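Each residue of the sequence shown is one higher than the one before, counting from 1 in the numbering used here.
Note sheet for the following structure.
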Amino acid sequence: MLARVRKHGEAAFFHKKRSFLNTDTYHHGSEHYSVWVAAPLGAQDTLVRSDPKHFFVPPYVGYRGWVGVTLDNDPDWDEIARIVRDGYDDVARKSRVR
Numbered sequence: 001m002l003a004r005v006r007k008h009g010e011a012a013f014f015h016k017k018r019s020f021l022n023t024d025t026y027h028h029g030s031e032h033y034s035v036w037v038a039a040p041l042g043a044q045d046t047l048v049r050s051d052p053k054h055f056f057v058p059p060y061v062g063y064r065g066w067v068g069v070t071l072d073n074d075p076d077w078d079e080i081a082r083i084v085r086d087g088y089d090d091v092a093r094k095s096r097v098r
């Protein structure tokens, strides 16, 4: 089950009751128009180190391994789709385990 809701004034996407993607449209003075995506273990570090122009550790959820993906500087939409799919799959898998 996929749901889109407003969370803190921004669109957020959930699998059941667990979020896997939040949007950030310059919320609270953010530097980026971005999405914050749940990421499998180790993915955040790999992405941020490989391309800090497009990936960053987002506030609030970064400590849980989420990755921020900037959308305002020529994003690779195929890569973003893959990251979102991986985030959704990771959250859905964890939901089944509970």
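Virtual Cβ for every residue (Gly too), placed ideally from N, Cα, C.
A quick note: this is a predicted structure, and the numbers were derived from the prediction, not measured.
My assumption, with CB atoms under 8 Å, is that residue i sits in contact with residue j. Please give the rounded CB distance.
{"i": "L41", "j": "V84", "result": "At roughly 17 Å, the Cβ-Cβ gap does not stay under 8 Å, so L41 and V84 are not in contact."}
{"i": "A38", "j": "D90", "result": "6 Å"}
Let me know if residue i comes out buried or exposed under the rule of 16 or more other beta-carbons within 10 Å of its beta-carbon.
{"i": "Y63", "result": "exposed"}
{"i": "S50", "result": "exposed"}
{"i": "G87", "result": "buried"}
{"i": "T46", "result": "exposed"}
Taking 6 Å as the limit between beta carbons, can you name the residues of its chain near residue i, skipping five residues before and five after?
{"i": "E100", "result": "With the chain covering 1 to 98 only, the question about residue 100 has no answer from this structure."}
{"i": "A102", "result": "Because the chain here runs from 1 to 98, residue 102 falls outside it and cannot be looked at."}
Report all residues from its chain with a CB closer than 8 Å to the CB of residue i; omit the five preceding and five following residues, and keep chain order.
{"i": "D72", "result": "H32, Y33, S34"}
{"i": "T25", "result": "E10, Y33"}
{"i": "K94", "result": "R18"}
Suppose the cutoff is 7 Å on Cβ atoms and the five residues either side in sequence are ignored; what does the same chain contact list for residue i look like?
{"i": "V57", "result": "Q44, V48, G68"}
{"i": "F100", "result": "This structure cannot speak to residue 100, because the chain is shown only from 1 to 98."}
inquiry  = Extract the residue ranges of the alpha helix (DSSP H) inside the segment 15–63, only unbroken runs of 4 or more that lie entirely within it.
reply    = 43–50
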